[in-house]
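Here the structure is laid out as structure tokens; the discussion comes afterwards.
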């Protein structure tokens, strides 16, 4: 593993342990060249996933993109970072175990929406405003109106 501080290719593992949900291995590393310490995470990847965008463009699935979008939606909400990480791991496991290698971006967005609906209503509305491309206040009002009549919307 390359040192992120000095670029040295020869770093040493000082400690390894599984994460709380056993979805990754956390490794504490030490660089003998500059003396820096840093942490890496090793995750199991069942298969290579490709995201198919609405335009037809394909790109490799990026777990960090899903994590970032959920963090933005959940910013300043009472949900801790570990819980966000666990739900993202759950989404990734569902995608990997689906048997499909090409996943439509709409499917990923729907899974994130469903998860946020269970996790935090405000984050759900925030995410929906981007995912459903709200253009004006009336779009928000309509969406929130559907929430009041159908909590599963």
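Numbering (UniProt numbering), first residue to last: 1 to 153.
For glycine and all other residues, C-beta sits at the position ideal for the given N, C-alpha and C.
Treat the numbers as computed from the prediction; the structure is a model and nothing was measured.
Could you tell me which residues DSSP puts in a beta bridge with residue i?
i          : result
residue 23 : None; residue 23 has no bridge partner.
residue 57 : In the DSSP output, where bridge partners are listed per residue, residue 57 has none listed.
residue 16 : 27
residue 5  : According to DSSP, residue 5 bridges with nothing at all.
residue 43 : 24
residue 37 : 30
residue 51 : 59, 103
Nearest to residue i by CA position, among the options, is which residue?
i           : options           : result
residue 2   : 31, 62, 70, 20    : 31
residue 13  : 40, 120, 135      : 40
residue 61  : 122, 139, 103, 6  : 103
residue 158 : 119, 137, 16, 107 : With the chain running from 1 to 153 in the structure shown, residue 158 is simply not present.
residue 26  : 4, 16, 141        : 16
residue 99  : 63, 48, 109, 142  : 48
residue 77  : 136, 125, 90      : 125
residue 88  : 105, 68, 97, 101  : 68
residue 63  : 92, 38, 142       : 92
residue 79  : 59, 134, 116      : 116
residue 81  : 35, 28, 145, 119  : 119
residue 7   : 18, 35, 28        : 35
residue 9   : 18, 33, 28        : 33
Under 9 angstroms, do residue i and residue j count as touching if we go by C-beta distance?
i           : j           : result
residue 128 : residue 113 : yes
residue 95  : residue 121 : no
Report yes if the C-beta of residue i is less than 8 angstroms from at least one heavy atom of the ligand GDP; otherwise report no.
i          : result
residue 82 : Here there are no bound small molecules, and the ligand GDP is not part of this structure.
Within the 9 angstroms Cβ cut-off, does residue i reach chain B?
i          : result
residue 84 : No chain B appears in this structure, which consists of one protein chain only.
Alpha helix (DSSP H) runs contained entirely in the region 59-90, provided each spans 4 or more residues: 63-73
How about the region 21-37 and the region 62-73: do they share at least three Cβ pairs that are nearer than 8 angstroms? no
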